[in-house]
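Enquirer: A single structure is presented below for examination.
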Amino acid sequence: MKLEEYARLIVDQGLNVKARQLVVISAPVEAKALVRAVSKAAFERHAGDVVVRYKDDVVEKERLEHADDAAFDHVPDYDALFFNETAKDGACYLSITGNDPDLMKGVDMTRLVEYRAKLREATKIQHDKLDHMEAQWCVAACATPGWAQKVYPELSFHDAIERLWNAIFDACRVEPGKTKENWERHNASFVKKVDLLNGLDIASLHYKNKRGTDLVVKLPDGYRFAGGSSTLRDARHTVYFPNIPTEEVFSAPYKYGVDGVLYATMPLIYNGSVIEDFHFRFQEGKVVDFDARTGRDVLEAILKSDRNAAYLGEVALVPVDSPISKMDTIFYNTLFDENASCHFALGAAYLECVCDGLELREDQMDAVGLNDSRVHVDFMVGSEDLSIVATLKNGAKVDVFKNGNWVPEFE
């Protein structure tokens, strides 16, 4: 019952599928039950067609360990054509996540990190449509055995999967007969925070906690915070949710205006590899030093993905008392962990994060202080003692976060 309700949430609110629209689903092979439920809900909404591209992480691991370098040298035309041509045809895109966080342990991920960057470049037509809000996209999760047993190692195989599904449903406000109403109310909760932040004329944000974070982040002129739903640039102004669940209010930093030290507070899962206990030192926006207890090689590969991967593209505010954070669980999955914690992202900025940003070309982004990169990698920095103080352009100071949460004025 809840799986079907969850599938309808993804189709109706996540993607807001249009009549006769093509729906493209990327999913792990373990997600077939959810894929079938989503497909059914999409066809009931009169989708034109549903195309599913399954991924098998075990096969990907074999490929990484044994394939020749030539397999990673370039993106095959048929792969790039699929995404670019479906985008031209007006498709919407669902990505289902549920990777086993430990599957790639010990595997050299450098080739895959580089390949993913090449794939983004090869599918530029699709990504331009997504970046300029001309196509809906949504990321949602599916409980899988490997992921469930990583999150709940003390439980049996079946109990771990059941508990993870229940956590997903709770985080996504899935409640038979009430899910749509829950999301309408949740979406409205972002408005006050976004309006206040956008009206403050902020020059910079100062992050500080006892972990060692002491970071000043300048915001670009004409910055815009956003949160909750997004709106397509179409005649219907189609409303959709790129992330299910979502708890963040986000913007973009000024590319060259980040200085100081930043400590991650949760593990980062990237392409099946775990990066733990890591930190960065920034100077004039760029990572100039970093380290990690585990996964340092993967982190280094991310930072070297392209010339702008070592700059930040996103600043996101999430309180430690968010519903997902209150579960008191590390999910080892970025979709969930980023919605339990303040976070940043290395790499690409979202164009909507500055006034008239959706009109920008790639070659115009740098001039307004937005980072352009082939990667976008979120990492979590929130903590129960995190403070964030805004310095306004008139020099005044305004508390935004105290003790890891929004100050009362923003609630």
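Counting from 1, one number per residue, gives the positions in the sequence shown under full-length UniProt numbering. Glycine is no exception: its CB is placed at the ideal position from the N, C-alpha and C atoms.
Could you compute how far the alpha carbon of residue 192 sits from the alpha carbon of residue 225?
Expert: Position 192 of the sequence shown, counted from the first residue, corresponds to residue 192. Position 225 of the sequence shown, counted from the first residue, corresponds to residue 225. Each residue's alpha carbon lies about 11 Å from the other.
Enquirer: Whole angstroms is fine: what's the gap from residue 72's alpha carbon to residue 111's?
Expert: For the purposes of this step, residue 72 is identified with residue 72 of the sequence shown, where counting begins at 1. For the purposes of this step, residue 111 is identified with residue 111 of the sequence shown, where counting begins at 1. Between residue 72 and residue 111, the C-alpha separation is close to 7 Å.
Enquirer: State the beta-bridge partners of residue 53 as determined by DSSP.
Expert: Counting from one through the sequence shown, the residue named residue 53 turns up at place 53. BP columns for residue 53 point to 26.
Enquirer: Please report the straight-line C-alpha distance between residue 305 and residue 178, rounded to a whole angstrom.
Expert: Start at 1 with the first residue of the sequence shown, and residue 305 comes out as number 305. Start at 1 with the first residue of the sequence shown, and residue 178 comes out as number 178. So the alpha carbons of these two residues sit roughly 43 Å apart.
Enquirer: Tell me, please, which residues DSSP counts as bridged to residue 218.
Expert: Here residue 218 corresponds to residue number 218 of the sequence shown, with the count starting at 1. Partner(s): 204.
Enquirer: Go through its chain and collect everything with a Cβ distance to residue 107's Cβ below 7 Å, but skip five positions before and after it.
Expert: Numbered from 1 along the sequence shown, position 107 holds the residue referred to as residue 107. Cβ neighbours of residue 107 beyond the five flanking positions: 61, 64 and 65.
Enquirer: Consult DSSP for residue 239 and reduce its assignment to one of helix, strand or coil.
Expert: Position 239 of the sequence shown, counting from 1, holds the residue named residue 239. Of the three classes helix, strand and coil, the one that applies to residue 239 here is strand, per DSSP.
Enquirer: From residue 413 to residue 141, what does the alpha carbon distance come to, in whole angstroms?
Expert: Residue coverage of the chain in this structure runs from 1 to 411, which leaves residue 413 outside it and unanswerable.
Enquirer: Checking 9 Å against the spacing of the C-beta atoms, do residue 324 and residue 207 come in under that value?
Expert: Taking the first residue of the sequence shown as 1, we reach residue 324 at position 324. Taking the first residue of the sequence shown as 1, we reach residue 207 at position 207. No.
Enquirer: What residues in its chain sit with their C-beta under 7 Å from that of residue 161, if we drop five residues either side in the sequence?
Expert: Position 161 of the sequence shown holds residue 161. Closer than 7 Å at Cβ, skipping near neighbours: 143, 145 and 148.
Enquirer: Taking contact to mean at least 3 C-beta pairs separated by less than 8 Å, is the stretch 261 to 272 in contact with the stretch 241 to 248?
Expert: Cβ pair count under 8 Å is below three, so no.
Enquirer: Applying the 10 Å Cβ sphere with the 16-neighbour rule, what's the burial state of residue 221?
Expert: If you number the sequence shown from 1, residue 221 lands on position 221. Classification of residue 221: exposed, given that the 10 Å Cβ count is below 16.
Enquirer: Taking a contact to mean a Cβ-Cβ separation below 9 Å, would you say residue 285 touches residue 253 in this structure?
Expert: As a working mapping, residue 285 is identified with position 285 in the sequence shown. As a working mapping, residue 253 is identified with position 253 in the sequence shown. Contact: yes.
Enquirer: Please return the same chain residues whose Cβ sits closer than 7 Å to the Cβ of residue 5, not counting the five positions on each side in sequence.
Expert: Here residue 5 refers to the residue found at position 5 of the sequence shown. Result list for residue 5: 174, 176 and 179, in chain order.
Enquirer: What does DSSP give as the partner residue(s) for residue 407 in the beta ladder?
Expert: In the sequence shown, residue 407 corresponds to position 407, counting from 1. None, per the DSSP bridge assignment.
Enquirer: Report the partner residues of residue 93 according to the DSSP bridge assignment.
Expert: Within the sequence shown, the letter at position 93 stands for residue 93. Paired residue(s): 24 and 137.
Enquirer: The beta strand (DSSP E) spanning residue 185 covers which residue range?
Expert: Along the sequence shown, one-based indexing puts residue 185 at 185. Careful: residue 185 lies outside any beta strand (DSSP E), inside the alpha helix (DSSP H) at 179 to 188.
Enquirer: Give the DSSP bridge partners of residue 380, in chain order.
Expert: As a first step, residue 380 must be located in the sequence shown, where it is residue number 380. Answer is 343, bridged to residue 380.
Enquirer: Would residue 38 and residue 7 be called neighbours here (beta carbons separated by less than 9 Å)?
Expert: Position 38 of the sequence shown, counted from the first residue, corresponds to residue 38. Position 7 of the sequence shown, counted from the first residue, corresponds to residue 7. Contact flag set, yes.
Enquirer: Could you give the distance in angstroms between the alpha-carbon of residue 298 and the alpha-carbon of residue 379?
Expert: On the sequence shown, position 298 is the one that residue 298 refers to. On the sequence shown, position 379 is the one that residue 379 refers to. C-alpha separation (whole angstroms): 13 Å.
Enquirer: If I measure Cβ to Cβ from residue 256 and keep anything under 6 Å in the same chain, skipping five residues before and after, which residues do I get?
Expert: Indexing the sequence shown from 1 puts residue 256 at position 256. For residue 256, where only same-chain residues beyond five positions count, the Cβ hits under 6 Å are 284 and 285.
Enquirer: Would you mind working out which of 336, 129, 183 and 199 sits nearest residue 139, comparing C-alpha positions?
Expert: The residue labelled residue 139 in the question sits at position 139 within the sequence shown. The shortest Cα separation from residue 139 among 336, 129, 183 and 199 belongs to 336.
Enquirer: Beta strand (DSSP E) containing residue 302: first to last residue?
Expert: Counting from one through the sequence shown, the residue named residue 302 turns up at place 302. It is not in any beta strand (DSSP E) - residue 302 instead sits in the alpha helix (DSSP H) that spans 296 to 303.
Enquirer: For residue 281, which residues in the same chain have their Cβ closer than 6 Å to its Cβ, ignoring the five residues on either side in sequence?
Expert: Counting from 1 along the sequence shown, the entry for residue 281 is found at position 281. Once the five neighbours on either side are set aside, the close Cβ partners of residue 281 are 261, 288 and 289.
Enquirer: For residue 331, count the other beta carbons within 10 Å of its own beta carbon; 16 or more makes it buried, fewer makes it exposed. Which is it?
Expert: Here residue 331 refers to the residue found at position 331 when the sequence shown is read from its first residue. By the 10 Å Cβ count, residue 331 comes out buried.
Enquirer: Could you pull the start and end residues of the alpha helix (DSSP H) that residue 4 belongs to?
Expert: The sequence position of residue 4 within the sequence shown is 4, counting from 1. 2 to 9 is the span of the alpha helix (DSSP H), which, as asked, contains residue 4.
Enquirer: Mark residue 199 as exposed unless 16 or more other C-beta atoms lie within 10 angstroms of its C-beta, in which case mark it buried.
Expert: Translated into the one-based positions of the sequence shown, residue 199 becomes position 199. Exposed: under 16 other Cβ atoms inside 10 Å.
Enquirer: Identify every residue that forms a DSSP beta bridge with residue 391.
Expert: Against the sequence shown, residue 391 aligns to sequence position 391. 204 and 397.
Enquirer: Would you kindly work out how many angstroms separate the C-alpha atoms of residue 231 and residue 351, rounded to a whole number?
Expert: For this step, residue 231 is matched to residue 231 along the sequence shown. For this step, residue 351 is matched to residue 351 along the sequence shown. If you take the alpha carbons of residue 231 and residue 351, they lie about 13 Å apart.
Enquirer: Which residues in the same chain as residue 357 place their Cβ atom closer than 6 Å to its Cβ, once the five residues preceding and following it in sequence are excluded?
Expert: Here residue 357 corresponds to residue number 357 of the sequence shown, with the count starting at 1. For residue 357, where only same-chain residues beyond five positions count, the Cβ hits under 6 Å are 351.
Enquirer: Which residue marks the beginning of the alpha helix (DSSP H) containing residue 121, and which one marks its end?
Expert: Position 121 of the sequence shown, counted from the start, is the residue given in the question as residue 121. It spans 110 to 122 - the alpha helix (DSSP H) in which residue 121 sits, taken as one unbroken run.
Enquirer: Within the continuous beta strand (DSSP E) that includes residue 325, where are the two ends?
Expert: Locating residue 325 in the sequence shown gives position 325, where the first residue counts as 1. Where residue 325 is concerned, there is no enclosing beta strand (DSSP E), given that its DSSP letter is neither H nor E.
Enquirer: Which term fits residue 59, buried or exposed, when burial requires 16 or more other beta carbons within 10 angstroms of its beta carbon?
Expert: The residue you call residue 59 lines up with position 59 of the sequence shown. Label assigned to residue 59: exposed.
Enquirer: Can you list, in chain order, the residues of its chain with a C-beta nearer than 6 Å to that of residue 50? Leave out the 5 residues immediately preceding and following it.
Expert: Taking the sequence shown and counting its residues from 1, the one referred to as residue 50 is at position 50. These residues qualify, in order along the chain: 23, 39 and 42.
Enquirer: Quick check on residue 128: does DSSP put it in helix, strand or coil?
Expert: Reading the sequence shown from its first residue, position 128 is the one you call residue 128. It is helical.
Enquirer: Could you give the residue range of the alpha helix (DSSP H) that holds residue 35?
Expert: Position 35 of the sequence shown, counted from the start, is the residue given in the question as residue 35. That run of the alpha helix (DSSP H) goes 32 to 44.
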